[in-house]
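Just so we're on the same page, our numbering is the position in the sequence shown counted from 1, plus 1. The structure appears below as structure tokens.
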Amino acid sequence: IIGWVEKNGPFRDQFGPLWTNRIVGEAHFLRAYVYFTMVRMHSPAFGATASNDAKSIILMTEPSKDPFPNKSRSTVKEVYDLLLADLNRAIALLPDGFRPGIDPIEYQDRATRDAARFLLARVHFQMKNFDQAKLQCDTVLNSNRYTLTEEPIQAWNKSGLN
Numbered sequence: 002i003i004g005w006v007e008k009n010g011p012f013r014d015q016f017g018p019l020w021t022n023r024i025v026g027e028a029h030f031l032r033a034y035v036y037f038t039m040v041r042m043h044s045p046a047f048g049a050t051a052s053n054d055a056k057s058i059i060l061m062t063e064p065s066k067d068p069f070p071n072k073s074r075s076t077v078k079e080v081y082d083l084l085l086a087d088l089n090r091a092i093a094l095l096p097d098g099f100r101p102g103i104d105p106i107e108y109q110d111r112a113t114r115d116a117a118r119f120l121l122a123r124v125h126f127q128m129k130n131f132d133q134a135k136l137q138c139d140t141v142l143n144s145n146r147y148t149l150t151e152e153p154i155q156a157w158n159k160s161g162l163n
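Here is the structure:
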């Protein structure tokens, strides 16, 4: 999706111009989520070497027509650089929440700017950038979009969208 939009511009259907940023933002968010999960499972921890030059996972950031492109493994630093770039891009593109009149009703529970900020906070925690992690957490918590007064068990007593 990211590569297609970079090459061809916004989607050309009746909703494309309105949804392109959100879809591309979701693609950056999802790629960051997958790579963050993989790097934590299959690589040395960030900071394990002074320059983070240990080999890590393979990053696929460009569309490939080759089914088995045999790319080399990226370094831990390269993976975390991509995570930061993807999540900052997602924050810039994703909406704050569901947009009535623009988004279909099914979009109520899709990724938002706050979801990207939360994941960015986790990445910064992993990198020991505690001030940056706190900044992201504070931004989400100070938005007043989330109540912290319910009992935690209530999260499992809800159903439906939103």
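Quick reminder that beta carbons are idealized off the backbone N, C-alpha and C, glycines included.
Report task. Ignoring anything shorter than 4 residues or poking outside the stretch 17-99, list the alpha helix (DSSP H) runs there in chain order. Result -> 17-43 and 77-94, all fully within the stretch 17-99.
Query raised in the report: Candidates Gln137, Pro11, Gly4 and Arg146: which alpha carbon is nearest Lys66's?
Result: Residue numbering aside, residue 66 sits at position 65 when the sequence shown is read from its first letter. Per the Cα distances, Gly4.
Query raised in the report: If we count the other Cβ atoms within 10 Å of its Cβ and call it buried at 16 or more, is Gln137 buried or exposed?
Result: Taking the sequence shown and counting its residues from 1, one reaches residue 137 at position 136. Burial call: buried.
Query raised in the report: Can Val124 and Leu95 be called in contact, C-beta distance under 8 Å?
Result: As a first step, residue 124 is located in the sequence shown; it is residue number 123 there, counting from the start. As a first step, residue 95 is located in the sequence shown; it is residue number 94 there, counting from the start. Cβ atoms of Val124 and Leu95: not closer than 8 Å.
Query - Proximity to Asn53 [Cα-Cα], best of Ala33, Val77 and Met42 - result: One-based indexing of the sequence shown puts residue 53 at position 52. Per the Cα distances, Val77.
Query raised in the report: Taking Phe99 as the reference, which of Ser57, Lys8 and Glu107 has the closest Cα?
Result: In the sequence shown, the residue the question calls residue 99 occupies position 98. Looking at the Cα atoms, Glu107 is the closest of the given residues.
Query - Exposure label - Phe131; buried when at least 16 CB within 10 Å - result: Within the sequence shown, the letter at position 130 stands for residue 131. Counting C-beta atoms within 10 angstroms of its own C-beta, Phe131 has fewer than 16 neighbours from the protein chains shown and is therefore classed as exposed.
Query raised in the report: So, helix, strand or coil for Thr140, using DSSP?
Result: As a working mapping, residue 140 is identified with position 139 in the sequence shown. DSSP places Thr140 in helix when its eight states are reduced to three.
**Report entry** Residue of Arg32, Phe47 and Ala33 minimising C-alpha distance to Lys129
**Finding:** Translated into the one-based positions of the sequence shown, residue 129 becomes position 128. Taking the Cα of Lys129 as reference, the smallest distance to any Cα among Arg32, Phe47 and Ala33 is reached at Phe47.
Query raised in the report: With 16 other CB atoms within 10 Å as the buried threshold, where does Val40 fall?
Result: If you number the sequence shown from 1, residue 40 lands on position 39. Buried: at least 16 other Cβ atoms inside 10 Å.
Query raised in the report: Quick one: what's got a C-beta closer than 6 Å to Phe30's C-beta in the same chain, skipping five residues either side?
Result: If you number the sequence shown from 1, residue 30 lands on position 29. Once the five neighbours on either side are set aside, the close Cβ partners of Phe30 are Ala91, Ala112 and Ala117.
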